[in-house]
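To start, the structure itself, in structure tokens.
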Ligand SMILES: [Zn+2]
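Numbering (the working numbering), first residue to last: 11 to 130.
Here it is, written out as structure tokens:
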């Protein structure tokens with residue numbers, strides 16, 4: 011089996027989306043599809059890819075961000091917790107990813123490394 015290109019171009023990614031839509035997706039009947047159907051199916055599939063790309067980037071960002079060591083509220087030391095699944099709403103739909111979590115005992119709040127302003 012041929013493996014996926016390590017550094018694919020946008021054209022190669024587009025070719026993969028075309029193959030997916032025609033072979034496995036909503037455009038199995040390509041000959042009978044009008045422009046609106048082609049556009050709708052393309053947007054749906056590309057949005058799915060966009061959410062996966064964002065998920066990958068958010069997970070990577072979490073690993074590359076400086077770990078949060080002090081509570082942004084009270085400045086006490088935070089305790090690392092088990093990584094958690096998190097869902098964010100994007101313009102392209104819900105994006106799920108895994109992130110580290112840090113807990114403040116005093117404030118009883120959890121903090122994520124990628125956004126200093128948000129707590130759960
Ligand atoms: Zn605190």
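Quick reminder that beta carbons are idealized off the backbone N, C-alpha and C, glycines included.
Residue i, DSSP secondary structure in three states
i: residue 100; result: strand
i: residue 86; result: coil
i: residue 72; result: helix
i: residue 116; result: coil
i: residue 43; result: coil
i: residue 109; result: strand
i: residue 38; result: coil
Top-ranked residue by Cα proximity to residue i, from the options
i: residue 114; options: 79, 53, 101 and 92; result: 79
i: residue 71; options: 123, 103, 86 and 91; result: 123
i: residue 83; options: 99, 116 and 63; result: 116
i: residue 103; options: 47, 88 and 60; result: 60
i: residue 100; options: 62, 40, 94 and 118; result: 62
i: residue 55; options: 23, 74 and 109; result: 23
i: residue 81; options: 48, 109, 120 and 45; result: 120
i: residue 75; options: 95, 44, 109 and 105; result: 109
Check: residue i C-beta below 7 Å from any heavy atom of ligand 2
i: residue 91; result: Although ligand 2 was asked about, the structure shown includes only ligand 1 as ligands.
Cα-Cα separation, residue i to residue j
i: residue 26; j: residue 19; result: 11 Å
i: residue 111; j: residue 42; result: 50 Å
i: residue 86; j: residue 57; result: 41 Å
i: residue 68; j: residue 52; result: 24 Å
i: residue 89; j: residue 97; result: 22 Å
i: residue 73; j: residue 93; result: 11 Å
i: residue 28; j: residue 50; result: 13 Å
i: residue 118; j: residue 36; result: 47 Å
Assigned exposure category for residue i - 16 Cβ within 10 Å defines buried
i: residue 65; result: buried
i: residue 40; result: exposed
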